Every structure is written in structure tokens, then in C-alpha cells.
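Residues in the sequence shown are numbered from -9 upward in steps of one, following this note's numbering.
Note that beta-carbon positions come from the ideal geometry of N, C-alpha and C, so glycine has one too.
Remember, it's a predicted structure, so these values are computed and weren't measured experimentally.
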Amino acid sequence: MKKQTLLKSLAVALQGIAQFFARERNAQLHLVAALLVIVLSIALKISEIEWLFIALSISIVLITEIINTSLEKICDLISKDFHPDIKFIKDISAGAVLIAAIFSVVTACIIFIPRFL
């Protein structure tokens, strides 16, 4: 396989991200939530360290959702039939997204709730 240039690799990665958001409903929901949090963060003028945690939270959720989606697609290619190991793989990858989402919600609560009290 021919080695790609850095620019081509970047273009392929960006195309993958664009397809992810275009095709996956959960990705679209996470994107809307992320944009709302970013707007709220700007409006509330959060600190630099708070921005770091917001960016980390958003990134972790999106990364885990991309990995979860990738694993689900691979599992579906391997077998259309029910298999307990494939169910296990899909369940634990969905669990990873749930953990990331909970982390993000807790982070948002810690940052935003005190500003409204």
C-alpha cells in the first residue's frame, strides 16, 4: 500500500469525522450538546481550567462514540446473526460511551450549577 502524505491523511481523517456526524444519530446528538455547552461556556465566561475540562469532556465523549460506532460496524460485518460475544463487545463499548457521558454531565454540573445559585 502506498504511503499517504500528511495532508492526504488529514483529509481522510476529516472525511471520516464528517461521515460520522452525517450518518450517526448519536453523534449528531452529542454534537448539538457540545455546541450548547460551548455557547453556555462563552456566555458564562468560564475560566481557562474550566475550558480545559469542557474540551476534555467533549473530546472523550466524541472519541468513545467514534470507537463504539466503529466496533458496532465491524461486529455487524462479522455476523448478522446473534452471537453472545458480539453482544458483549457492543454492550461494553456502549458502556464506555455512557461512562464518558456521565463524566461530561458531572463536569458540566460542577462548572455551571454554582453560577446559577
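Per DSSP, Ser37 lies in no alpha helix (DSSP H) and is assigned neither H nor E.
The beta-carbon separation of Val27 and Ile44, rounded to 6 Å, stays under the 8 Å limit for a contact. Taking the C-beta atoms as reference points, Ile50 is found nearer than 7 Å to Ala90. Every alpha helix (DSSP H) stretch that sits fully inside the region 6 to 70 and reaches 4 residues is listed by chain position as 15 to 34 and 38 to 68.
Per DSSP, reduced to three states, the secondary structure at Thr(-5) is coil, with no helix or strand assignment. Under the three-pair Cβ rule at 8 Å, the region 76 to 86 does not count as touching the region 29 to 36.
For Phe78, the enclosing alpha helix (DSSP H) stretches over residues Pro74 to Phe106.
For Thr59, the closest alpha carbon among the candidates Thr(-5), Gln(-6) and Phe10 is that of Phe10.
When only Cα atoms are considered, Cys99 and Leu19 end up about 19 Å apart.
Counting other Cβ atoms within 10 Å of its Cβ, Thr54 reaches 16 or more and is therefore classed as buried.
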